[in-house]
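Some notes on the structure that comes next.
Protein chains: 2
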Amino acid sequence: MFLLTPVLVALVSILMVWIFKNSDGGTERRKGEARAQAEACPWVDEDLKDCTDVHQVEEDANGWQESEEDVEHIPFSHTRYPEREMVRRSQEYYELLSKRRSVRFISNEQVPMEVIDNVIKAAGTAPSGAHTEPWTFVVVKDPDTKHQIREIIEEEEEINYLKRMGPRWVTDLRKFRTNWIKEYLDTAPVLILVFKQVHGFAANGKKKIHYYNEISVSIACGILLAALQNAGLVTVTTTPLNCGSRLRVLLGRPANEKLLMLLPVGYPSEDATVPDLTRKPLDQIMLFYFLKTS
Amino acid sequence: MFLLTPVLVALVSILMVWIFKNSDGGTERRKGEARAQAEACPWVDEDLKDCTDVHQVEEDANGWQESEEDVEHIPFSHTRYPEREMVRRSQEYYELLSKRRSVRFISNEQVPMEVIDNVIKAAGTAPSGAHTEPWTFVVVKDPDTKHQIREIIEEEEEINYLKRMGPRWVTDLRKFRTNWIKEYLDTAPVLILVFKQVHGFAANGKKKIHYYNEISVSIACGILLAALQNAGLVTVTTTPLNCGSRLRVLLGRPANEKLLMLLPVGYPSEDATVPDLTRKPLDQIMLFYFLKTS
Chain A
2 MFLLTPVLVA LVSILMVWIF KNSDGGTERR KGEARAQAEA CPWVDEDLKD CTDVHQVEED
62 ANGWQESEED VEHIPFSHTR YPEREMVRRS QEYYELLSKR RSVRFISNEQ VPMEVIDNVI
122 KAAGTAPSGA HTEPWTFVVV KDPDTKHQIR EIIEEEEEIN YLKRMGPRWV TDLRKFRTNW
182 IKEYLDTAPV LILVFKQVHG FAANGKKKIH YYNEISVSIA CGILLAALQN AGLVTVTTTP
242 LNCGSRLRVL LGRPANEKLL MLLPVGYPSE DATVPDLTRK PLDQIMLFYF LKTS
Chain B
2 MFLLTPVLVA LVSILMVWIF KNSDGGTERR KGEARAQAEA CPWVDEDLKD CTDVHQVEED
62 ANGWQESEED VEHIPFSHTR YPEREMVRRS QEYYELLSKR RSVRFISNEQ VPMEVIDNVI
122 KAAGTAPSGA HTEPWTFVVV KDPDTKHQIR EIIEEEEEIN YLKRMGPRWV TDLRKFRTNW
182 IKEYLDTAPV LILVFKQVHG FAANGKKKIH YYNEISVSIA CGILLAALQN AGLVTVTTTP
242 LNCGSRLRVL LGRPANEKLL MLLPVGYPSE DATVPDLTRK PLDQIMLFYF LKTS
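Line by line, the protein sequences are chains A and B.
Sequential numbering of the first sequence, starting at 2, is according to my numbering.
Sequential numbering of the second sequence, starting at 2, is according to my numbering.
Have a look at this one:
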């Protein structure tokens, strides 16, 4: 029906090749960006996203429940101290917390469980986005389960140290003398695994958005650390990298919960040591802003 | 030189159109994904990323400083209380914190600045990824600056409420009776603006990676909130959405610092009210994991 000259065949072939290269390009580029991101921020856990799954929200807008309840507003009752007592209380509180250290050597001595209840109750007083309280604290005492947790974490941490973290991060951690061996996961009498709920469920089964869930749960962890120090227990704040989904499955937690932190809790072992670090002085962390005048 | 039949012209035209559509597709799709993400997670601040800038790290690998310093390890000294005292201390600490509320009505009465120093010192005891202490607390007392901050926040918050947040979020906030009018930014005697440093600088000017900087600074904020409550001051935890870069410029903070939270601090005003909310009971936030036995 028509005449294909050799030049035209060549032209069409070149176009076809270019089309196929181009249609792959987008995917490749996106993969490349994801890889670059993972390399530049190796501490961002693959399983740990602050977001509710984007596509779920988009495709299933009617599956989400708004909070329609109206709440009464009541007078706020406040405990006020004389100024001198405020200064004394704040000074003593600072001194108490300044003695807190991350302790990686934890004795196997049991701790009173009433104290664990109280420190988690304290953590649960944290503020949260739209008062969603998006936290679950899973307490593990059973030696077999602790050991299974240790096995999962050591397996993943070995890969983290040897491959995922890269030489820069491993060098930055050298002063802590840490590696992928985590004996405290066996010895500590209590492990607290802190999960953030990336969304919740309303009474009717519809999903509830959990605004700022990672920030909220991190604030609760700050209060938990202070409460443990106040009670005379020690811990080390760990964020087991890329262990979240395996630990979630081991502990039977639902898919809307992501592991944010794991705190091994107990008394320090008798020969516990800590790196001899100092903290920045106040004038390096606090700045007063004064209006510039001409 | 060769013969173009009408059919061939049509074929080549179709191919060309397809090529151009396809080469745009990647960009469009990525834009679409970014938009979907912004719509599904409207609380993720445009200026607030947990990551060091990816491309900077990639392109400028030699500009980053590893921490080579070796640190001595020393015995850990611990304060241990008798069990009964541990239980009492943890119980009292919970009771103190359970009275904390987010208070949006703050009196203009001045507060002792020594207390502000102490609560920020307490916040500075928080643990941080690789002990990078990636926080800056900017304290603003000057009425003109507070008012400028209020103007920036109210301008952006009006857009947030009317456009960015969407009807679902606005409905979820209805019970708090909040809107974009933030009188406490003028009345509170002290504003604490908490910045996270997305990276730091070594003594030689090279950049230092700040691992987990957002989680670390959020933990420090949790301790700050507990310290304020302990001292008898009130605040409300706010995360001014998309105001970060304007406030950073106003306060003259460098580009590696991103606003994470703003805490207006003071005494409650005499007629302060709070929504009559309750907190989840312990058995809804704490779970014990027991090994399944057959």
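Where a beta carbon is used, it is the ideal one built from N, C-alpha and C, also for glycine.
Fair warning: this is a prediction, and the values are worked out from it, not measured in the lab.
Own chain, CB closer than 7 Å to residue i, minus 5 neighbours either side, in chain order
i                        : result
glutamate 60 of chain A  : Note that glutamate 60 of chain A scores 47 on pLDDT, short of 50, meaning its location in the model is unreliable; the coordinates nonetheless yield the value given after this. Contacts found: none.
lysine 142 of chain B    : Pro190 and Val191
histidine 200 of chain A : Thr53, Lys208, Lys209, Ile210, His211 and Asn257
glutamate 155 of chain B : Trp181, Ile182 and Lys183
Buried or exposed by the 16-neighbour rule on C-beta atoms within 10 Å, applied to residue i
i                            : result
alanine 221 of chain A       : buried
asparagine 257 of chain B    : buried
threonine 279 of chain A     : exposed
valine 275 of chain A        : buried
histidine 148 of chain B     : exposed
serine 129 of chain B        : buried
proline 265 of chain B       : buried
glutamine 111 of chain B     : exposed
threonine 80 of chain B      : exposed
glutamate 158 of chain B     : buried
phenylalanine 202 of chain A : exposed
tyrosine 290 of chain A      : buried
lysine 281 of chain B        : exposed
serine 91 of chain A         : buried
isoleucine 150 of chain B    : buried
aspartate 173 of chain B     : buried
Cβ neighbours of residue i in the same chain (closer than 6 Å, five flanking residues each side left out)
i                         : result
glutamine 57 of chain A   : With a pLDDT of only 43 at glutamine 57 of chain A, under 50, the local geometry of the prediction cannot be trusted, and the value read off the model is given with reservation. For glutamine 57 of chain A, where only same-chain residues beyond five positions count, there are no Cβ hits under 6 Å.
valine 1 of chain A       : No statement about residue 1 of chain A is possible, as the shown extent of chain A runs from 2 to 295 and does not include it.
arginine 101 of chain B   : Gln230
leucine 263 of chain A    : Leu194, Thr239 and Pro241
alanine 131 of chain B    : Tyr212
isoleucine 160 of chain B : none
Residue range of the unbroken beta strand (DSSP E) whose run includes residue i
i                         : result
histidine 200 of chain A  : 200-202
serine 159 of chain A     : The sequence as given places glutamate at residue 159 of chain A; serine does not occur at that position. Here glutamate 159 of chain A belongs to no beta strand (DSSP E); instead the alpha helix (DSSP H) covers 144-160.
proline 113 of chain A    : No beta strand (DSSP E) holds proline 113 of chain A; DSSP gives it neither H nor E.
methionine 287 of chain A : 287-290
isoleucine 210 of chain A : 208-210
threonine 137 of chain B  : 136-141
proline 265 of chain B    : 258-266
isoleucine 216 of chain B : First-last for isoleucine 216 of chain B: 214-232, but that is the alpha helix (DSSP H), not the beta strand (DSSP E).
proline 168 of chain B    : Element bounds for proline 168 of chain B: not the beta strand (DSSP E) but the alpha helix (DSSP H), 167-173.
isoleucine 75 of chain A  : 74-76
8 Å Cβ cutoff met for residue i and residue j
i                         : j                            : result
valine 195 of chain A     : phenylalanine 138 of chain A : yes
leucine 261 of chain B    : arginine 165 of chain B      : no
histidine 127 of chain A  : serine 68 of chain A         : The displayed chain sequence assigns alanine, not histidine, to residue 127 of chain A. In this structure, serine 68 of chain A does not lie closer than 8 Å to alanine 127 of chain A by Cβ.
alanine 1 of chain A      : alanine 227 of chain B       : Only positions 2 to 295 of chain A appear in this structure, which leaves residue 1 of chain A out of reach.
glycine 223 of chain A    : isoleucine 224 of chain B    : yes
tryptophan 136 of chain A : arginine 169 of chain B      : no
serine 246 of chain A     : serine 219 of chain B        : no
methionine 87 of chain A  : proline 83 of chain B        : no
valine 237 of chain A     : methionine 287 of chain B    : no
isoleucine 117 of chain A : leucine 251 of chain A       : no
tyrosine 162 of chain B   : asparagine 119 of chain A    : no
leucine 97 of chain B     : lysine 122 of chain A        : no
aspartate 277 of chain A  : glutamate 73 of chain B      : yes
alanine 273 of chain B    : phenylalanine 77 of chain A  : yes
Alpha helix (DSSP H) segment containing residue i, residue limits
i                        : result
threonine 274 of chain A : Counting along the chain, threonine 274 of chain A falls outside any alpha helix (DSSP H), though it belongs to the beta strand (DSSP E) covering 274-276.
proline 190 of chain B   : Counting along the chain, proline 190 of chain B falls outside any alpha helix (DSSP H), and DSSP gives it neither H nor E.
glutamine 92 of chain A  : 84-99
glycine 245 of chain A   : 245-251
Contact with chain C by residue i, beta-carbon distance below 8 Å
i                         : result
tryptophan 181 of chain B : Checking the listed chains, one finds no chain C in this structure; the protein chains it contains are A and B.
Any non-hydrogen atom of the ligand HEM within 7 Å of residue i CB
i                     : result
lysine 164 of chain B : In the structure on display, the ligand HEM does not appear, and there are no ligands present to speak of.
Chain-order list of residues whose beta-carbon lies under 8 Å from that of residue i (same chain, five-residue window excluded)
i                        : result
glutamate 271 of chain B : Ser108
> Do the region 188-204 of chain B and the region 180-199 of chain A meet, that is, are 3 or more Cβ pairs less than 8 Å apart?
Replying inline: With a cut-off of 8 Å, the region 180-199 of chain A and the region 188-204 of chain B do not count as touching, because too few Cβ pairs lie within range.
> Would you call the region 202-213 of chain A and the region 172-181 of chain A touching, i.e. three or more CB-CB distances under 8 Å?
Replying inline: no
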